[in-house]
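Just so you know, my numbering puts 136 at position 136 of the sequence shown, and the rest follows in order with no gaps.
Ideal placement from N, C-alpha and C gives every residue a C-beta, glycine not left out.
Predicted, not measured: the structure shown is a model, and the values here were computed from it.
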Amino acid sequence: MVLPAVVCVIIFNYIPMYGVQLAFREYDFTAGLTGGEFVGLKYFEQFINSHMFTDLIRNTLLISITTIVIGFPAPIILALLINQIRWKRGKRILQTTVYLPHFISFVVLVGLLNVLLSPNTGLIGLIISKLGFEGTNLLASVTAFIPVYVLSDIWQHVGWNSIIYLAALASVDPQLYDAAKIDGANRWQIIRNVEIPAIIPTIVILLILNMGTIISTGFEKIFLMQNSMNLPISEVIETYVYKIGIVSNQFSYAAAIGLFNTLINFSLLLIVNTIAKRAAKISLW
1 MVLPAVVCVI IFNYIPMYGV QLAFREYDFT AGLTGGEFVG LKYFEQFINS
51 HMFTDLIRNT LLISITTIVI GFPAPIILAL LINQIRWKRG KRILQTTVYL
101 PHFISFVVLV GLLNVLLSPN TGLIGLIISK LGFEGTNLLA SVTAFIPVYV
151 LSDIWQHVGW NSIIYLAALA SVDPQLYDAA KIDGANRWQI IRNVEIPAII
201 PTIVILLILN MGTIISTGFE KIFLMQNSMN LPISEVIETY VYKIGIVSNQ
251 FSYAAAIGLF NTLINFSLLL IVNTIAKRAA KISLW
């Protein structure tokens with residue numbers, strides 16, 4: 001039963017790693033992936049010495065860290081709240097409602113943001129104008145880009161991400177709830193002393209996985225939200241790789257940037273996993 005998944009991982013994740021060597025070669029169309037002059041760390045040095053390096057790292061870290069700090073606790077809180085609902089039908093309706101945005105494509109989501117945040121015709125844009133910020137376009141604002149990105153990301157994925165926490169809460173021994181109620185615990189005390197300790201291992205594992213992608217913000221949504229006005233804050237490593245590799249045809253340079261990004265993420269994953277293993281005795285391996 002596991003074999004199809006293993007085959008897919010090998011085909012789509014491991015075999016493409018053969019192309020990593022492009023980061024160390026001067027790519028030549030006529031020579032293919034195995035051809036081209038070996039140039040070592042030339043493109044890594046070019047990226048680190050580039051005038052874009054500091055801005056790309058700063059923007060990527062700002063967006064990623066803000067998303068983790070604000071977005072990571074959101075599904076935990078939502079799962080704890082949903083778990084308190086005793087009306088089963090209402091609970092199912094609420095769960096279905098918060099899950100649905102996850103299935104909206106990034107194209108549709110960014111389209112909705114453009115419609116809602118338009119300073120002239122958008123509902124949110126008109127409300128902002130009534131509050132005294134007339135003509136403010138949040139999607140063209142450098143200061144508003146990250147809040148808009150993070151809040152829309154939370155709205156889209158908070159319900160779906162809460163599923164794993166709800167599954168962990170469902171496995172809590174009912175006798176713990178009964179013992180807490182006999183001791184006179186109220187709902188908050190039950191959440192603090194029974195439910196939160198039960199999902200801490202899940203929280204730690206997911207935090208480790210999230211920290212392993214802290215230098216990866218994703219491409220599609222940020223690229224679709226980009227415009228000439230917010231570019232100083234919205235240009236991240238993934239969008240830069242696309243522009244360098246696909247638009248400018250600098251495949252070796254783009255491969256080096258992508259590999260640099262992956263190595264940083266992998267290093268952070270190892271560090272956070274080691275810290276979690278020593279501090280909480282919980283780790284991925």
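For this session: Output yes or no for whether 7 Å exceeds the beta carbon distance between I70 and V158.
Result: no
Exercise. Can at least three beta-carbon pairs, one atom from the segment 155-175 and one from the segment 99-106, be found at a separation below 8 Å?
Worked result: yes
For this session: Name the one or two DSSP bridge partners that F38 has.
Result: Beta-bridge pairing links F38 to R25.
For this session: Locate the alpha helix (DSSP H) running through P306, then write down its first and last residues.
Result: Because the chain here runs from 1 to 285, residue 306 falls outside it and cannot be looked at.
Exercise. The alpha helix (DSSP H) with F133 in it runs from where to where?
Worked result: Segment: none, F133 is in no alpha helix (DSSP H) and carries neither H nor E.
For this session: List the endpoints of the continuous alpha helix (DSSP H) containing Y165.
Result: 163-170
Exercise. Pick from R25, M225, F266: whose alpha carbon is nearest that of N210?
Worked result: F266
Problem set entry | Nearest residue (CA-CA) to L139, options P119, L62, M52, V247 | P119
Exercise. Around the Cβ of N13, are there at least 16 other Cβ atoms within 10 angstroms (buried) or fewer (exposed)?
Worked result: exposed
For this session: Note down the Cα distance separating N114 from E220, rounded to an integer number of angstroms.
Result: Whole-angstrom Cα-Cα distance: 15 Å.
For this session: Could you round the C-beta distance between I76 and I164 to whole angstroms and report it? I think they count as a contact, below 8 Å.
Result: Contact between I76 and I164 does not hold, since their C-beta atoms are separated by about 10 Å, which reaches or exceeds 8 Å.
Exercise. Does the segment 187-202 touch the segment 252-264, meaning 3 or more C-beta pairs lie closer than 8 Å?
Worked result: The segment 252-264 is not in contact with the segment 187-202.
For this session: Flag this pair as yes or no: are the beta carbons of V236 and N83 separated by less than 7 Å?
Result: Their beta carbons are not under 7 Å apart, which means V236 does not touch N83 by this criterion.
Exercise. Can you give the beta carbon distance from Y253 to L56, rounded, assuming they're within the 8 Å contact cut?
Worked result: Cβ-Cβ separation between Y253 and L56: approximately 13 Å, too far for a contact (criterion under 8 Å).
Problem set entry | The alpha helix (DSSP H) enclosing F251, as first and last residue numbers | 251-280
Exercise. Does the beta-carbon of I214 have 16 or more other beta-carbons within 10 angstroms, so that it is buried, or is it exposed?
Worked result: I214 should be labelled buried.
Problem set entry | Element boundaries [alpha helix (DSSP H), containing R86] | That residue, R86, is in no alpha helix (DSSP H); it is neither H nor E in DSSP.
Problem set entry | Selection from I11, G40, I65, T30 that minimises the alpha carbon distance to P147 | I65
For this session: Could you tell me the distance, in whole angstroms, from the CA atom of F145 to the CA atom of V107?
Result: Separation of F145 and V107 (C-alpha to C-alpha, rounded to the nearest whole angstrom) is 17 Å.
Exercise. When you compare only the Cα positions, how much space is there between V247 and L166?
Worked result: Cα to Cα, the separation comes out at about 43 Å.
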